[in-house]
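K.L.:
First the structure, which I've put down as structure tokens, then a few questions once you've had a look.
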Amino acid sequence: MTVFERIQTLAKKQGKSVKQLSREIGFGESTIYKWKTQSPKMEYLDKVAEKLNTTTDYLLGKTDNPSMKESFLDSDESDLLAAFRLESEDMSEEQKKKFNNSLKGMMKVARGLLDDDSKWKE
């Protein structure tokens, strides 16, 4: 796989496009697409690796392991993070703040209801 293909695959696993990833990092929308035919500068590749929670070695094809040395997220947490990113990708900064505050409030309510089995349906 090429650098671009590896980036595209990891971005997709996180529920985002290469274009969205570029915007989140602060790159021009076509920056990463140029890496289909050009080699990226290491400073840019470092930013992409950090955003995708991987290593530059993986992106460059020096290893086949995309994971950082240690993963801090389990599968459920990773799924929730991907869903969060997908839902909030087109929001303005103000909307994201409101969205985040709403989610935090819902989590507190859900935590308070954990001991009441009548509130949960299987």
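Take the sequence shown: its letters are residues 68 to 189, numbered as in this note's numbering. Quick reminder that beta carbons are idealized off the backbone N, C-alpha and C, glycines included. From a predicted model like this one, the values you see are computed outputs, not experimental measurements.
Please state whether DSSP places K83 in a helix, a strand or coil.
P.N.:
K83: coil per DSSP, three-state reduction.
K.L.:
Would you call T122 buried or exposed, if buried means 16 or more other Cβ atoms sit within 10 Å of its Cβ?
P.N.:
T122 comes out buried.
K.L.:
Give the single residue among L119, E144, N120, L112 whose Cα lies nearest to the Cα of L127.
P.N.:
Closest option to L127, Cα to Cα, is L112.
K.L.:
I need the straight-line Cα distance from S169 to Q75, nearest angstrom please.
P.N.:
Using only the alpha carbons, I get a separation of about 31 Å.
K.L.:
Let's test the definition: count the other Cβ atoms within 10 Å of the Cβ of K83 and tell me whether it reaches 16, buried, or not, exposed.
P.N.:
The residue in question, K83, is buried, as its Cβ has 16 or more Cβ neighbours within 10 Å.
K.L.:
Please return the same chain residues whose Cβ sits closer than 6 Å to the Cβ of T98, not counting the five positions on each side in sequence.
P.N.:
Here the set comprises S89.
K.L.:
If you draw a straight line from the alpha carbon of Y125 to that of A78, how long is it in whole angstroms?
P.N.:
Rounded to whole angstroms, Y125 to A78 spans 14 Å at the Cα level.
K.L.:
Excluding the 5 residues preceding and the 5 following R73 in the sequence, name in chain order all residues of the same chain whose CB lies nearer than 6 Å to its CB.
P.N.:
Closer than 6 Å at Cβ, skipping near neighbours: L126.
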